[in-house]
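S.K.:
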Amino acid sequence: MHMFAFMANSSLKEYTHGLVLAPMAGSTDSAFRRICRGMGATAVVTEMVAAAGLSRRSVKSHKLLRFHPEEKPIGVQLFGKRPEDFERAAELVSNLGFDFIDINAGCPVKKVVNSGSGSALLRDIPKLTAVLRAVVSHTHLPVTVKIRVGWSPQEPVPDSFPALLADEGAAAVAVHGRYRSDMFSGEVRKLEIERIVRNSPVPIIANGDSRSVNDALDLLDSTGAAGLMLGRGSLGNPWIFRGLSTGKPEDASPLPGEIVSVIWKQYWMMSEYLPAIHLHSIFRGQLLNYIRSFRGAAELRGRAVGVDCREDLADILTELEELLSAERQRNL
């Protein structure tokens with residue numbers, strides 16, 4: 043059984059050879075990142091931040107840079123297409139306490155790709171290398187890149203791709219095991235990740251469909267990657283990091299009371315930085331991640347979308363604990 047425990051002498055090693063929470067827009071905010079770090083994630087990354095937004099000092103973009111010291115080591119992920127935007131953004135974020143800068147060359151969302159950013163950079167390697175060069179030359183921090191295994195089965199990244207990124211200064215590469223054409227569905231292409239690992243002079247972090255401890259360990263073993271990045275499988279399930287960090291799958295199965303306790307903890311963390319007028323509408327998205335895969339979940343989710351005050355939340359969580367306890371009894 044793998045054990046993910048590392049010396050704290052290198053923040054980047056906690057990313058390259060550890061258990062990383064993947065950046066997910068609208069999901070991995072500061073509070074959830076803190077929760078995951080507390081569960082055993084060795085590093086986290088911000089939601090993707092527009093390099094252009096930072097360069098023009100957009101308030102919305104700057105809010106995404108907010109983090110708590112408990113999150114460290116933490117990287118900031120930048121997306122965009124103009125090297126000059128990345129230059130200014132890299133200079134800005136370099137002295138804010140981040141441990142590394144990550145470049146998004148993997149987001150498959152249509153709006154992002156149509157702007158020439160995210161996965162679109164996989165089809166424009168000169169642009170991607172120019173962006174990477176711009177960041178490396180304007181920061182003292184390590185720089186990493188997040189990619190997919192290619193644009194489509196007909197356009198996989200070439201064998202030379204990881205070495206090319208390394209030559210331009212990339213310290214590590216995180217690889218989501220799908221093509222852009224797959225979006226978020228279909229099986230993870232483990233053989234393609236393994237091919238990239240085999241041809242890479244820098245550490246590769248494997249990402250994709252790790253929804254259980256065994257899924258994650260299989261991804262690591264089958265690809266030979268240095269580390270693991272967990273995304274959607276951790277939403278509503280931060281305990282997956284605990285199970286992986288201890289090497290005990292049972293540690294990823296919390297009792298109902300602990301689930302409710304963690305939800306409250308996440309709520310209070312979010313209340314530290316969100317104005318009261320927005321707190322409940324934003325928190326609802328996080329809450330729904332925890333209400334699934336048990337008898338009565340659909341009905342409870344239907345009511346949870348209407349939570350707009352602390353009292354509503356308390357009622358929902360009381361019922362959640364009761365339903366989870368009943369589910370646990372049925373499964374004994």
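Each residue of the sequence shown is one higher than the one before, counting from 43 in the working numbering.
Positions of the beta carbon are idealized from the N, C-alpha and C atoms, including for glycine.
All values derive from a computational prediction rather than experimental measurement.
1. Let me know if M225 comes out buried or exposed under the rule of 16 or more other beta-carbons within 10 Å of its beta-carbon.
2. Suppose contacts are defined by Cβ-Cβ distances below 8 angstroms. Is L107 in contact with V135 by that definition?
3. Here's a check: name, in chain order, each residue in its chain whose Cβ is nearer than 7 angstroms to the Cβ of A94, leaving out the five neighbours to either side.
4. Could you give the C-beta distance for D144 and T186, rounded to a whole number, given that I count them as a contact under 8 angstroms?
5. Starting from the Cα of M311, find the closest Cα among T70, R345, T58 and give me that residue.
6. So which of V178, L96, L164, V177 has the shortest CA-CA distance to S194?
7. Using alpha carbons as the reference points, say which of G327, R337, F336, I247 lies closest to L355.
8. Excluding five sequence neighbours on each side, which residues of the same chain lie with their C-beta closer than 8 angstroms to the C-beta of G192?
9. So which of A83, K152, E113 has the shortest CA-CA distance to F140?
10. If you follow the alpha helix (DSSP H) that V191 is part of, which residue opens it and which one closes it?
11. Could you pull out every residue in the same chain whose Cβ sits closer than 8 angstroms to the Cβ of A339, ignoring the five residues on either side in sequence?
12. I need the straight-line Cα distance from G273 to L61, nearest angstrom please.
13. Do you know whose CA, among S254, A208, F203, lies nearest R237's CA?
14. For L129, count neighbouring C-beta atoms within 10 Å of its own C-beta (all shown protein chains included) and say buried if the count is 16 or more, exposed if not.
15. Give the straight-line distance between the Cα atoms of P184 and N331, rounded to the nearest whole angstrom.
16. Grab the span of the alpha helix (DSSP H) containing Y309 for me, first residue to last.
17. Return no unless some Cβ of chain D is closer than 8 angstroms to the Cβ of G68.
18. In angstroms with no decimal places, state the Cα-to-Cα distance between E292 and S72.
19. Who pairs with V86 in a beta bridge, going by DSSP?
M.R.: With the structure as the only source:
1. If you draw a 10 Å sphere on the C-beta of M225, you find fewer than 16 other C-beta atoms in it, and that means exposed.
2. Contact: yes.
3. Counting only Cβ-Cβ distances below 7 angstroms, and skipping sequence neighbours, we find G122, R124, D127.
4. Going by Cβ atoms, the distance from D144 to T186 rounds to 5 angstroms, so yes, they are a contact pair.
5. M311 has its Cα closest to that of T70, out of T70, R345, T58.
6. Minimum Cα distance to S194 is reached at L164.
7. Out of G327, R337, F336, I247, G327 has the C-alpha closest to the C-alpha of L355.
8. Sequence-distant partners of G192 (beyond 5 residues in either direction) whose C-beta falls short of 8 angstroms from its own C-beta, in its chain, are L164, P198, V199, Y221, R222, E234.
9. When each option's Cα is compared against that of F140, the closest is E113.
10. Where V191 is concerned, there is no enclosing alpha helix (DSSP H), although the beta strand (DSSP E) it sits in stretches over 185-194.
11. Counting only Cβ-Cβ distances below 8 angstroms, and skipping sequence neighbours, we find I333, L365.
12. Using only the alpha carbons, I get a separation of about 11 angstroms.
13. Per the Cα distances, F203.
14. Reading off the sequence, residue 129 comes out as Glu, not Leu. Sixteen is the threshold: when 16 or more other Cβ atoms of the shown chains lie within 10 Å of the Cβ of E129, as they do, the residue is buried.
15. P184 and N331 have their alpha carbons spaced roughly 33 angstroms apart.
16. Per DSSP, Y309 belongs to the alpha helix (DSSP H) from 298-313.
17. The structure shown contains no chain D; it is built from a single protein chain.
18. In this model, E292 and S72 are separated by some 27 angstroms (Cα to Cα).
19. Its beta-bridge partners are L63, I116.
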